[in-house]
Structure formats: structure tokens, C-alpha cells
Amino acid sequence: MITQYFAQKKLLFLSITFEISSIYLLFFTKDFTGKIFAVLILHTLASITLSQIVWLILPKRYKKPFPLSLISLFVIVFSTPIVSYIALIILYIILKKQKPKTAYPFNHFSIWKGLEELRIPKRKFGEAAIIELVRNTKIPAEKRLKAFIFLTEAISPETVQLLKLGLSDPNDEIRLLCFSELSKIEKKITSSIHYYMNILENAKDDKEYLDALENLAKSYWEAVYLGIGDEEINKYYINQTYKYALKAIEFAEEKNLQVDPHVILILGKINLLKGDYESAERLLRETLDSNIPKFEVIPSLAKLYYEKGEFSKVKELFMKYPYLRYDFDIYPIYALWSGE
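Right, here's the structure in full:
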């Protein structure tokens, strides 16, 4: 660092000396043979040394590609005799004021190592790797256990069904994990139902009463959506969802209050499950005009038309909302019906 500093200082001194000499020859001496040639040589030497100084103090990202960056600097310096020295001073001040960015420590893990641990033979039919790990009992139990643990991080109807599958797994640890996770999900839903039931019974005003009805409908719907119970319990959850969603809508109309449009959507989906297509279509159409994102409503409405055999309406629905192609979950259905 010290050697570089003195080298830069020496080059700057030489550059200034050459430049002053060229100016002196040009303006303060009598004409003589080769005067212009001598001035050009001195100015060229001054430009070479100055461009070296600038190149040395520049950040590394500006030094590439070499030697093109150095040649470019020389051309600029040669074309601007006095201005280049002023620019050097400004550049030096700017770089001097800049402070290096603090590199904060962070924890990381190797994704490749994780993938290596879960690696299985190449799939032939396009099935998901996690599903294969969960279902194939021939795979070592240690890897299958990791796959089940992964499922607990992303709860969805699909993962719940896979966890249910794990209840009959031959491995004790996997069975225990699946039972524990399913119990945790069910307990969370049950606690939510008890909490809002208590609020419903002790509501202080109409708004609080309506909120309790809406949240009870949502809590029961979560159980239906995830498929947490068996067939008989699921019927109970469907009926309870229908009961509280309908109560919330009727109470809001009676008291002239605004009902959450998600409750209308839930009631529409429940009617669709029950096979009441007329009521389901009316409610789902109503939610299309609300502030609910269209991608939450369109799949249910498309399913309704499909079950009724009105296939032209399914296609018409997707063509009306072409931006649905940008939703990863809906795109395969959109592509099928739009002909993409």
C-alpha cells in the first residue's frame, strides 16, 4: 500500500512536469524546428503517466477489460489536457469519502447437500419426489422421515392426506410424527372454534357478534378444506360451515352490516359441495364483484360449470380473465381450456 502510494506520487510529479514543459514550449518559447513535435511528445508522456495514476486508484470493477480500460483512459486524458487533472482531484476526493460496506455474518446451509440426502432414482411418470419418498416403503426410513418432516412445514390438503397415509406406515417414528402433526392441526382448529364460540355467546354488540359468526364459518371451513377428519366428521364440518356462514350473511343483512366477502365465497363453495348449483353460482358470481382476488373464485366457478356440463361457460370464464395464466396453480387448467 505504501509502495503504491509513493509510485502514484512519483507518476503524478512526472506527469505534471511533462505537462508544464509542453505548455512552456508551446506558449513561452520562440518557434523552432520540431516545436510542435516536441510538445506532442511531452503531452503524450504526461497523458500516459496520468492515465496510469487514474487506472491505479479506480475500483477493480472499472479496470476490466484490460488493457482496453487503460487505453480508454489515455484517450480521454490526452484529449483533455487541463481538465483531466481537475477530474483527477475530484475523483480522488470522491473515492476518499467512500467507506467500505460492512459484511454482516449470516448462517447458511448447502441446498445441494439437502437434495443429495433426499435423492431417489429418476422418476418415470412425473410423480413428485416427496410423494415418492412418502409412499415408497422400500426407501430407507431415515430419508422417508425427513420427507414427512418436510411435509409438516407446508400444510395443505395434499400434505394432510399424505400425513394421514403415514398413520398406517410400518415405521413407528413416522406414525408418531404424522399422528402428532395431525393432532396439532386439529387442536388448532378446535381451539379457534371454542374461542369464537365463547365470543359469540358473550358478544357486546352486533359487530362483535357478526365477527364471531364469520370466524366460526372460516374455522370450520379450514377443517373442510384441509380434509382433517374422516368422512363422517367431514360431513359435520360441512354442515357447521354452512350453518355459521348462512347465519353471518343473514345477520349482516338484518342489522345492515357489511359481511366479509370471504364468508360469501365459503358458503358458495359449501353449496357446490352439497350439489346446490343454483345457490353456489349466485354466491360465487357475487364474490367476483367483491375485492377478493379472482384466482380464489374462478376455480370454484369453473368446477361448478364443469359439473353441470356447461363446458362452453368454463372456456368463456377463462377467456374473460386472461391474466389468470400468470397464476402457477391455475395456469395448467387455463392452458387446457384456452387452447394455449
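Quick note: the sequence shown uses our numbering, first residue 808, plus one each step. Every residue gets a Cβ at the ideal spot worked out from N, C-alpha and C, and that includes glycine. Given the structure is predicted, the values throughout are model-derived calculations rather than measurements.
Range of the contiguous alpha helix (DSSP H) that encloses Glu1117
Position 310 of the sequence shown holds residue 1117. Glu1117 -> no alpha helix (DSSP H), and no H or E assigned at all.
Going by C-alpha distance, which of Gln859, Thr887, Lys1025 and Tyr1084 is nearest Leu875?
The count along the sequence shown starts at 1 and reaches residue 875 at position 68. Checking every option, the nearest Cα to that of Leu875 belongs to Gln859.
Report the option in Thr851, Leu970, Tyr1003 and Asp1134 whose CA atom is closest to the CA atom of Cys985.
Position 178 of the sequence shown, counted from the first residue, corresponds to residue 985. Of the listed residues, the one whose Cα sits closest to Cys985 is Leu970.
Starting from Phe986 and walking both ways along the alpha helix (DSSP H), at which residues does that stretch end?
Reading the sequence shown from its first residue, position 179 is the one you call residue 986. Phe986 -> alpha helix (DSSP H) spans Asp979 to Glu1008.
Around the Cβ of Asn1078, are there at least 16 other Cβ atoms within 10 angstroms (buried) or fewer (exposed)?
Position 271 of the sequence shown, counted from the first residue, corresponds to residue 1078. Classification for Asn1078: buried.
Nearest to Leu1080 by CA position, among Asn1098, Ile893, Lys1042 and Glu1061, is which residue?
Here residue 1080 corresponds to residue number 273 of the sequence shown, with the count starting at 1. When only C-alpha atoms are compared, the closest one is Lys1042.
Element boundaries [alpha helix (DSSP H), containing Glu1061]:
Within the sequence shown, numbered from 1, the residue matching residue 1061 stands at position 254. Its alpha helix (DSSP H) spans residues Glu1038 to Glu1061.
Three-state secondary structure (DSSP) at Pro1129?
Indexing the sequence shown from 1 puts residue 1129 at position 322. DSSP places Pro1129 in the helix class (H, G or I) of the three-state scheme.
Using 10 angstroms around the beta-carbon of Ile809, count the other beta-carbons present and answer buried if the total reaches 16, otherwise exposed.
For this step, residue 809 is matched to residue 2 along the sequence shown. At Ile809 the pLDDT is 43, less than 50, meaning the model places this residue with poor confidence; the figure from the coordinates comes in the next sentence. Ile809 is exposed by the Cβ-count criterion.
Expected contact under 8 Å - CB spacing of Val967 and Leu1033 to nearest Å:
Sequence index remark: in the sequence shown, residue 967 carries index 160 (1-based). Sequence index remark: in the sequence shown, residue 1033 carries index 226 (1-based). About 5 Å separates the beta carbons of Val967 and Leu1033, which is inside the 8 Å limit, making them a contact pair.
Starting from Pro1139, trace the alpha helix (DSSP H) both ways and give me its first and last residue.
Working through the sequence shown from its first residue, we reach residue 1139 at position 332. From DSSP, the alpha helix (DSSP H) with Pro1139 extends over Tyr1138 to Ser1145.
List the endpoints of the continuous alpha helix (DSSP H) containing Lys945.
Here the question's residue 945 lines up with position 138 in the sequence shown. Per DSSP, Lys945 belongs to no alpha helix (DSSP H) and is neither H nor E.
Spatial distance of Tyr1133 from Val1070 (CA atoms)
Looking up residue 1133 in the sequence shown gives position 326. Looking up residue 1070 in the sequence shown gives position 263. Cα to Cα, the separation comes out at about 26 Å.
To the nearest angstrom, how far is the alpha carbon of Thr824 from that of Leu832?
Here residue 824 corresponds to residue number 17 of the sequence shown, with the count starting at 1. Here residue 832 corresponds to residue number 25 of the sequence shown, with the count starting at 1. Put simply, the backbone Cα of Thr824 is about 12 Å away from that of Leu832.
Please state the DSSP three-state secondary structure of Gln1065.
In the sequence shown, the residue the question calls residue 1065 occupies position 258. The answer is coil: DSSP assigns Gln1065 none of H, G, I, E or B.
Residues near Lys1101 in its chain [Cβ-Cβ closer than 6 Å; skip 5 each side]
Locating residue 1101 in the sequence shown gives position 294, where the first residue counts as 1. So the qualifying residues of the chain are Tyr1128.
Residue nearest to Leu1124 in terms of C-alpha spacing, selected from Asp1083, Asp1136, Val1031 and Ala1109:
Numbered from its first residue, the sequence shown carries residue 1124 at position 317. Nearest option by C-alpha distance: Ala1109.
Reducing DSSP to helix, strand and coil, say where Ile938 ends up.
Taking the sequence shown and counting its residues from 1, the one referred to as residue 938 is at position 131. Residue state, collapsed to three classes: helix.
Can Ala1055 and Leu1020 be called in contact, C-beta distance under 7 Å?
Mapped onto the sequence shown, residue 1055 falls at position 248. Mapped onto the sequence shown, residue 1020 falls at position 213. Taking 7 Å as the cut-off, the beta carbon of Ala1055 is found closer than this to the beta carbon of Leu1020.
Could you tell me whether the Cβ atoms of Ala961 and Val941 are closer together than 7 Å?
Here the question's residue 961 lines up with position 154 in the sequence shown. Here the question's residue 941 lines up with position 134 in the sequence shown. For Ala961 and Val941, no; Cβs fall outside 7 Å.
Specify the secondary structure class of Ala961 as computed by DSSP and reduced to three states.
In the sequence shown, counting from the first residue as 1, residue 961 sits at position 154. Coil at Ala961, not helix or strand.
Counted within 10 angstroms of its Cβ, other Cβ atoms place Tyr1044 as buried (16 or more) or exposed:
Counting from 1 along the sequence shown, the entry for residue 1044 is found at position 237. It is buried - the Cβ of Tyr1044 has at least 16 other Cβ atoms within 10 Å.
Same chain only: Cβ atoms within 7 Å of Ser999, ignoring 5 sequence neighbours per side
Stepping through the sequence shown from its first residue, residue 999 is reached at position 192. Excluding sequence neighbours, Ser999 sits near Ser1026.
Best match in Asp1067, Leu1111, His850 and Glu1029 for proximity to Thr887 [C-alpha to C-alpha]:
One-based indexing of the sequence shown puts residue 887 at position 80. It is His850 whose Cα lies nearest to the Cα of Thr887.
With a threshold of 16 other CB atoms inside 10 Å of the CB of Ser829, please say whether the residue is buried or exposed.
Within the sequence shown, residue 829 is the residue found at index 22, counting from 1. When all chains shown are included, Ser829 counts as buried.
Under a Cβ-count criterion, where at least 16 other Cβ atoms within 10 Å of its own Cβ denotes burial, should Lys1076 be classed as buried or exposed?
Reading the sequence shown from its first residue, position 269 is the one you call residue 1076. Answer is buried; the Cβ neighbour count reaches 16.
Are the beta-carbon atoms belonging to Ile1073 and Ala1087 less than 7 Å from one another?
Here the question's residue 1073 lines up with position 266 in the sequence shown. Here the question's residue 1087 lines up with position 280 in the sequence shown. In this structure, Ile1073 keeps its C-beta atom at 7 Å or more from the C-beta atom of Ala1087.
Between which two residues does the alpha helix (DSSP H) carrying Lys1025 extend?
Residue numbering aside, residue 1025 sits at position 218 when the sequence shown is read from its first letter. In the DSSP annotation of this structure, the continuous segment of the alpha helix (DSSP H) that includes Lys1025 starts and ends at Asp1013 to Leu1033.
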